[in-house]
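K.L.:
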Amino acid sequence: MRVADPVQEAKDLSETPVGRVIESWKSAHPGAKAVGWFPVFSPIELTHAAGMLPISIAGGGNQMEIAHADSRFQSFVCSIIKSTLELGLTGQLENLDGMIFHSICDPAKNLTSVFKRNFPRLMVDFIHFTQNFASPVAEEYLAAEYGRVRTRLAELAGTEITDGQIRSSIATYNRVRERVRRLQGIRLNGRNQLSAAETAALLRAGGRMMPEDFLTLLDDALRVISSRPGKARDLVHVVLEGSFCEQPPLELIQSIEEAGCSILEDDFELGFRWFKGDISTEGDPLRALAHAYIDGSVHSAVKHDLRYRKAAPLVEKVRRTGAQAVVVLTAKFCEPALFDYALYREALEENNIPHVLVEFEEKMWAFDKIRSEIETFVESMMFD
Amino acid sequence: MLITAGVDVGSTQTKAVLIDDSRAIRASAIIDTGGHISKAAERVFDEVLSTGGLCRKDVSCVVGTGYGRFKVQFGDIQITEISCHAKGAVFLFPGTRTVIDMGGQDAKGIRVGLNGEVDDFVMNDKCAAGTGRFLSNASETLNLTLDAVGELSLRAERPVRLSTVCSVFVESDIMAYLAQGKKVEDILAGVNSAIAARTIALVRRVGIVPEVTFTGGVSRNIGMIRALETKLGMPLNVSPQSQLVGALGAALWAMEHAESAVRS
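Line by line, the protein sequences are chains A and B. So for the first sequence, our numbering puts the first residue at 230; every next one is plus one. So for the second sequence, our numbering puts the first residue at 486; every next one is plus one.
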């Protein structure tokens, strides 16, 4: 056991400026490199397999003023795009060696080019995830794409990345994901031992450390949280959907919970919950990663899997968790989330599931309005 | 006889209503909120008790509402202003299915059920367009009191069109129109029309189902009532007590709570 309060340690780490986290890790690991990954999901096993730190670069939170990036992006672009660029423009990524973006939305795609142009020192790459999940060559395509990224990461690391090393990384992250599922199980036990804000803090911290350290943190946290007495409370049980990329301030999540919601399941830091189960550690590891993406990953607004109705997993999540309602919490100007909201709304109304839509920005400091909206929603459920 | 109170701490004014268990309003009070929210709540409560000839121990339950509801420290329960406006509006006008509430710093659309329950709602965000603050800025630019805006705007013959509903930049529009020699009443009618359009666009997000009841301080502006009615193509329910609807709703919630406590 390392610390008395691993959840507090996670909160502290998640609120530390990311530049300082990278600097601190590199000073403890002389010569080692750090590669950033942008939300929502990234095959960070490849970075880890090369002995480099895969670090989540997901905006600047509510600690940072946007003074430069506003002049590069339009006003209707979401905050995380601007604040991620701001991190670079203000020198907070100077210790970063590489950055990987993904095909999640147009602004993220454009951010890749902006990074390449503004930070030529960085190795910047972009993963084109499978768009046609039903194609017979989908898995082969994605494995090849991962192979291309492996080559780039190997060049950066100055060493070969072997299949064995990737399989070993997959196994390590499988253990991480298993602990994350156990955390999720605690949220569903009805005893209110663990809040959504605490879970988010733990996952945010996990994005800033090697998986071996994250495992230790999770084991400590699971031990502490399981020993909490907990008790049933008169709250409205909800599923929260829509915060898969830009992350709301932890205080905002707390406000939603304080307003009378017990958040049974959410999609904060979805990257660590991307897969429904373990990824195979047998055979071609790139093929295993690709197979898991195509056939073993959860629903997200940034995936366009036409093999199922987009809102179906949300309705299923409500049924599975026993939630009474859905809170759709989306970042302002998040196109994937807001496009999907129309589909969610239709499906939720078809299934008589109450829901409310609220929008946030990562740089929020005052939460009164959202709290009032959530309280009203809770009242409309309780007074009904 | 049970007596309950609702205290609505708004951004501009703080309101209180006392009702008895026949749901009759026994007294009401309105004061400016100012910078000390807790004190404003205390003062308005003392004032409404004094007006009603009652003392604190006569009141079975107090519900605090409005943005300062958690500062109603003597309150028994806090309920959001949206739930309270819905309750109060349906009490005053039982046919109400949509509430448009325009207060000092926010605007809301609320779709309500038969018993005053909230079915859906929407609030303005980070923008004072559609609020009393916008009208206040506009009237100050024209050197008028806020209360004069409504009547004066009804005299308009050729309302202007504003190019912005920004509370700050509207001043530039108004100054430009004054420089062009436009009449004050035409400018005011343009202000009301722009805000009405903006507010209706907001409320359409929850659906506008008649009857529509207009509440909040801005509902005292007859020019705004007419502008909304014209754009909606339907009459609005507006009570002389429209400013008190939130506090009234809070008092009604308090009464339900008090009666439930007595029964149990």
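Backbone N, C-alpha and C define an ideal beta-carbon position, used for all residues, glycine too.
Spatial neighbours of Gly551 (chain B) within its chain, please: C-beta separation below 7 Å, excluding the five flanking residues on both sides.
P.N.:
So the list reads Asp493, Val494, Gly495, Glu566 and Gly731, once near-sequence residues are dropped.
K.L.:
What do you reckon, are the CB atoms on Thr581 (chain B) and Thr684 (chain B) nearer than 8 Å?
P.N.:
No.
K.L.:
Under the three-state reduction of DSSP, which class applies to Lys598 (chain A): helix, strand or coil?
P.N.:
Helix.
K.L.:
Please classify Phe305 (chain A) as buried or exposed, where buried requires at least 16 other C-beta atoms within 10 Å of its C-beta.
P.N.:
With fewer than 16 other Cβ atoms within 10 Å, it is exposed.
K.L.:
Got a sec: is the Cβ-Cβ distance from Phe612 (chain A) to anything in chain B below 8 Å?
P.N.:
Closer than 8 Å to some Cβ of chain B, the Cβ of Phe612 (chain A) qualifies, so yes.
K.L.:
Please determine if the stretch 408 to 426 of chain A and the stretch 526 to 534 of chain A are in contact, where contact requires at least 3 C-beta pairs separated by less than 8 Å.
P.N.:
The stretch 408 to 426 of chain A vs the stretch 526 to 534 of chain A: no contact.
K.L.:
For the pair the stretch 534 to 543 of chain B and the stretch 512 to 526 of chain B, tell me if three or more CB-CB distances fall below 8 Å.
P.N.:
With a cut-off of 8 Å, the stretch 512 to 526 of chain B and the stretch 534 to 543 of chain B count as touching, because enough Cβ pairs lie within range.
K.L.:
Starting from Ser568 (chain B), find everything on chain A with Cβ-Cβ shorter than 9 Å and list it in chain order.
P.N.:
Here the neighbours are Glu604, Thr605, Glu608, Ser609 and Phe612.
K.L.:
Against chain B, with Cβ distances strictly below 8 Å, would Asp299 (chain A) count as a contact?
P.N.:
No - not a single Cβ of chain B is within 8 Å of the one on Asp299 (chain A).
K.L.:
Are the C-beta of Lys598 (chain A) and some C-beta of chain B separated by less than 8 Å?
P.N.:
Lys598 (chain A) counts as touching chain B.
K.L.:
To the nearest angstrom, report how far apart Val544 (chain A) and Arg574 (chain A) are at their CA atoms.
P.N.:
For Val544 (chain A) and Arg574 (chain A), the distance between alpha carbons rounds to 10 Å.
K.L.:
Starting from the beta carbon of Phe559 (chain B), find every residue of chain A whose beta carbon is closer than 7 Å, and list them in chain order.
P.N.:
Residues of chain A passing the Cβ test: none, with the nearest at roughly 20 Å.
K.L.:
Would you mind working out which of A:Glu374, A:Gly248 and A:Ile399 sits nearest Glu315 (chain A), comparing C-alpha positions?
P.N.:
Of A:Glu374, A:Gly248 and A:Ile399, the residue nearest in Cα terms is A:Gly248.
K.L.:
Tell me which same chain residues have a C-beta within less than 7 Å of the C-beta of Ile482 (chain A), skipping the five on either side of it?
P.N.:
Taken in chain order, the residues that qualify are Ala425, Ala426 and Ala429.
K.L.:
With a CB to CB cut of under 7 Å and the five nearest residues on each side skipped, what residues in its chain are close to Glu374 (chain A)?
P.N.:
Result list for Glu374 (chain A): Ile356 and His357, in chain order.
K.L.:
Using a C-beta to C-beta distance shorter than 8 Å, which residues of chain B count as neighbours of Ser601 (chain A)?
P.N.:
Tyr552, Thr565, Glu566, Ile567 and Met608, listed in chain order.
K.L.:
Do you know offhand how far Pro725 (chain B)'s Cα is from Met593 (chain A)'s?
P.N.:
Distance between the alpha carbons of Pro725 (chain B) and Met593 (chain A): 38 Å.
K.L.:
Considering only residues of the same chain and omitting the five flanking positions on each side of Ala746 (chain B), which have a CB-CB separation below 8 Å?
P.N.:
Only Ser545 and Cys546 meet the Cβ criterion.
K.L.:
Any contact between the stretch 482 to 498 of chain A and the stretch 508 to 515 of chain A? By contact I mean 3 or more CB pairs, one from each, below 8 Å.
P.N.:
The stretch 482 to 498 of chain A vs the stretch 508 to 515 of chain A: no contact.
K.L.:
Quick one: is Asn581 (chain A) buried, meaning 16 or more other Cβ sit within 10 Å of its Cβ, or exposed?
P.N.:
Flag for Asn581 (chain A) reads exposed.
K.L.:
Can you tell me which of A:Ala383, A:Ile284, A:Thr401 and A:Gly280 puts its alpha carbon nearest to the alpha carbon of Phe270 (chain A)?
P.N.:
For Phe270 (chain A), the nearest C-alpha among the options comes from A:Ile284.
K.L.:
Let me know the secondary structure DSSP gives Phe334 (chain A) once reduced to three states.
P.N.:
Note that residue 334 (chain A) corresponds to Cys in the displayed sequence, not to Phe. In the structure shown, Cys334 (chain A) sits in coil (DSSP, three-state: anything other than H, G, I, E or B).
K.L.:
I need the boundaries of the beta strand (DSSP E) containing Cys490 (chain A), first residue and last residue.
P.N.:
Run containing Cys490 (chain A): Cys490 to Glu494, per the beta strand (DSSP E) assignment.
K.L.:
So that I know if they touch, is there some Cβ in chain A lying closer than 8 Å to that of Ser523 (chain B)?
P.N.:
Cβ-Cβ to chain A under 8 Å: no for Ser523 (chain B).
K.L.:
Using 10 angstroms around the beta-carbon of Met740 (chain B), count the other beta-carbons present and answer buried if the total reaches 16, otherwise exposed.
P.N.:
The residue in question, Met740 (chain B), is buried, as its Cβ has 16 or more Cβ neighbours within 10 Å.
K.L.:
If you run the structure through DSSP and keep just helix, strand and coil, what is Ala233 (chain A)?
P.N.:
Reduced to three states, the DSSP call for Ala233 (chain A) is coil.
K.L.:
Below 8 Å between beta carbons: does that hold for Ser637 (chain A) and Leu577 (chain A)?
P.N.:
Nothing in the structure corresponds to residue 637 (chain A), since chain A is present only between 230 and 613.
K.L.:
Enumerate in chain order the residues of its own chain whose CB-to-CB distance from Gly549 (chain B) is below 6 Å, with the five nearest sequence positions on each side excluded.
P.N.:
Val492, Val557, Gly560 and Gln563, listed in sequence order.
K.L.:
Smallest Cα separation from Gly268 (chain A): which of A:Tyr370, A:Phe501, A:Arg457 and A:Val547?
P.N.:
Checking the sequence shown, residue 268 (chain A) turns out to be Pro, not Gly. Per the Cα distances, A:Phe501.
K.L.:
Would Ser312 (chain A) pass as a contact of Gly327 (chain A) if the rule is Cβ separation under 8 Å?
P.N.:
Against a cut-off of 8 Å, the Cβ pair of Gly327 (chain A) and Ser312 (chain A) comes out as no contact.
K.L.:
Which of helix, strand or coil does DSSP assign to Gly728 (chain B)?
P.N.:
Gly is not the amino acid found at residue 728 (chain B); the sequence shown has Gln there. Correct three-state label for Gln728 (chain B): helix.
K.L.:
Just mark Gly520 (chain B) as buried or exposed, buried being the case when its beta carbon has 16 or more other beta carbons within 10 Å.
P.N.:
Exposed: under 16 other Cβ atoms inside 10 Å.
K.L.:
Go through the stretch 583 to 640 of chain B residue by residue and report every complete run of the beta strand (DSSP E) that reaches 3 residues or more, in order.
P.N.:
Counting only runs of 3 or more, we get 583 to 587, 592 to 597 and 603 to 608.
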